[in-house]
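Note that the working numbering gives residue 247 to position 241 of the sequence shown, counting from 1, and the numbers run on in steps of one.
Notes follow the structure.
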Amino acid sequence: MKITVLNGSPKGDLSVTMQYVHYIRKKLPHHEFTIHNISMNINKIMKNKEAFNHITDDIRLSDGLIWAFPVYKGLVPSQYMRFIERISEPDYKDIFQNKFTAALSTSARVFDHTAHNYVRAVCDDLDMRYIDYYSADYQDLNNEAERNRLIHFAQNFVNAIEKDFSPGKMYRPLNFSNFIYKPGRAKTKINPRGKKILVLTCSLDNKTNLGKMIDRFKRSFSGGVEVVDLNDIDIKGGCRGCLKCWYDNNCIYHDGFLNFFNSKIISADILITAGAIRGRYYSYKLKEFADRTFFNHHRPCFNGKQVAEIASGPFSQLANIMDVAVGSSEFSQANYAGYVTDEYEDSAVIDEKLHNLAEQLVYLSSRSYIRPVTYRGLGAHKIIRDLTWSKLRALMPDDHRHHKENHLYDFPYKDYKSILFNLTMTPLIRIPAFRKEMTKKMDSFMILPYKLIVRNK
């Protein structure tokens, strides 16, 4: 059986992800594995038709395809996304149609689910037969039980091909609209109150809905708004995952990104991402920007900012985008303030929504409001906290220093009130009479401290 592996790691064969693939190949010697280093060679693949056709020919002749990738910022690396944008064009759909497929990722398991949601949706759009996914912690290969689980995953994939399984789809096709937005005049101007407002986009074409929405949003203010097209910034490529920035946070690229980030992003109070939907996300250029912020490692780089999105296309059909955006904001200690899309298909309504978003952003920013985190932000914090404390202190000293200085090492064993409470209550609860009385009054007992606050504060 012939299996094609599309390697999404920019590090090629030197990636952790590929060690998992090599292990599968070793344990399934009767099957032929062909590996293509997509992200590592993305520029050649996109510019050289022969190199691109070599990959698609292999896919066409294969019995199954494995998407293998590290998780970058809750999705696949931008280089991989760029390739996916290309193969999602109608000319290539027949190559993937009915092809058996599975996905394998490596990460610290922070927003790995959104990366797999993205890949699964791409596979459904390509009419592939999606069998399964495997999300590995980057150190799982050291564990025998996890190695066995990995082989079960691979064998299940091969078995599905042999048995000619026909699984159902999870994601419906996206419905794109032909609506043309015609912005009106801003009747009133919003005072930015000294707040620096930055809009990041990858298209400023004023003939498109996105370009017109960006312009209308800007005209909602009396000033203070800067719009930046990422195509105009000297960004030589996406994050390579090389960790050359491990000690001093200096990126291996010698381009304009760090200067742009430090001079524009850091100083902004309000940050807007504006993009047109391309497949199951925005353009890879916006993902490239997000990936390159990893030179900060796991330190929040948008803390205290208000963030929002302006989207052209079927944004409401892509809950995964919202999951990535809100989760990233929560982990970065920023506030996700909302979004506006052109899906309303009513220019007056879109004008109103843009104006309202602009007003709300200034209002929230002036009050330094940050919404409480949900499971997304809290879960990511706890994983990164434990990882930084246990395994990354030496490799990422700035992360360790940041966690210490900001009291982010909030382990349960340092909660002395809870420790004292448990020491006191544990022997009392073993007494039947006490336990019976406590059960009767449990509801009142649980809200007692909060009633005191409501009464006295």
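Even for Gly, the Cβ is constructed at its ideal location relative to N, Cα and C.
The residue from Asp-146, Leu-81, Ala-109, Asp-133 with its alpha-carbon nearest to that of Asp-118 is Leu-81.
Gln-366 places its beta carbon less than 7 angstroms from that of Ala-343. Contact between Tyr-253 and Lys-218 fails: their C-beta atoms lie close to 45 angstroms from each other, not under 8 angstroms. The criterion of a C-beta distance shorter than 7 angstroms is satisfied by Val-368 and Arg-199. A direct Cα-Cα distance of roughly 49 angstroms separates Glu-411 from Asp-352.
The region 396-403 and the region 413-421 do not touch, with fewer than three beta-carbon pairs separated by less than 8 angstroms. If you keep only unbroken beta strand (DSSP E) runs of at least 3 residues inside the region 106-156, you get 106-113, 135-143. Listed in chain order, the non-local C-beta contacts of Ser-371 below 7 angstroms within the same chain comprise Lys-201, Asp-275, Ile-276, Gln-312, local neighbours out to five positions each way being set aside. In the DSSP assignment, Trp-73 falls within the unbroken beta strand (DSSP E) covering 70-76.
Pairing Ala-57 with Val-11 gives a Cβ-Cβ distance that is not under 7 angstroms. Thr-279 is bridged by DSSP to Leu-206, Glu-315. In this structure, Thr-120 and Asn-326 form a Cβ contact; the two beta carbons are roughly 6 angstroms apart against a cut-off of 8 angstroms.
According to the DSSP assignment, Asp-235 belongs to the beta strand (DSSP E) that extends over 231-235.
Under the DSSP assignment, Leu-12 falls in the beta strand (DSSP E) whose first and last residues are 8-13.
Excluding five sequence positions before and after Asp-357, the CB atoms of its chain that fall closer than 7 angstroms to its own CB belong to Pro-189, Gly-190, Arg-222, given in chain order.
His-42 sits in a strand when the DSSP states are folded into three classes.
Nearest Cα to Asn-237 within the set Cys-251, Asn-197, Lys-293, Ser-228: Lys-293. Secondary structure note for Asn-47: it is in no alpha helix (DSSP H), with a DSSP letter that is neither H nor E. A Cβ-Cβ distance of about 5 angstroms is found for the pair Val-22 and Thr-112, placing them in contact under the 8 angstroms criterion. Boundaries for Ala-331: no beta strand (DSSP E) harbours it, while the alpha helix (DSSP H) harbouring it runs 325-337, taken from the DSSP string. With fewer than 16 other Cβ atoms from the protein chains shown falling within 10 Å of its own Cβ, Gln-145 counts as exposed. Between the region 77-92 and the region 233-250, the count of C-beta pairs closer than 8 angstroms reaches three or more; the two stretches touch.
Burial check for Gly-14: the Cβ neighbour count within 10 Å reaches 16 or more, so the residue is buried.
Positions of the beta strand (DSSP E) runs, each at least 3 residues long and wholly inside the region 325-400, are given as 341-347 in order along the chain. In this structure, Asp-69 and Met-134 do not form a Cβ contact; the two beta carbons are roughly 13 angstroms apart against a cut-off of 8 angstroms.
For Leu-216, the enclosing alpha helix (DSSP H) has its first and last residue at 215-224. Where Tyr-456 is concerned, the enclosing alpha helix (DSSP H) starts and stops at 448-462. One alpha carbon belongs to Phe-321, the other to Ala-127, and they sit about 14 angstroms apart. 7 angstroms or more divides the Cβ of Arg-284 from the Cβ of Glu-95.
In chain order, Gly-230, Val-231, Ile-276 place their CB closer than 6 angstroms to the CB of Ile-203, counting only its own chain and leaving out the 5 sequence neighbours on each side. As DSSP reads the structure, Tyr-287 sits in a beta bridge with Arg-284. Taking C-alpha positions only, Arg-88 is separated from Tyr-290 by approximately 5 angstroms. The beta carbon of Asp-261 is closer than 7 angstroms to those of Asp-240, Ile-241, Lys-242 in its chain, skipping five residues each way along the sequence.
Under DSSP, the beta-bridge partners assigned to Phe-227 are Ile-196.
Judged by DSSP secondary structure, Phe-427 falls within the alpha helix (DSSP H) whose first and last residues are 422-435. Per DSSP, the unbroken alpha helix (DSSP H) holding Asp-100 starts and ends at 99-102.
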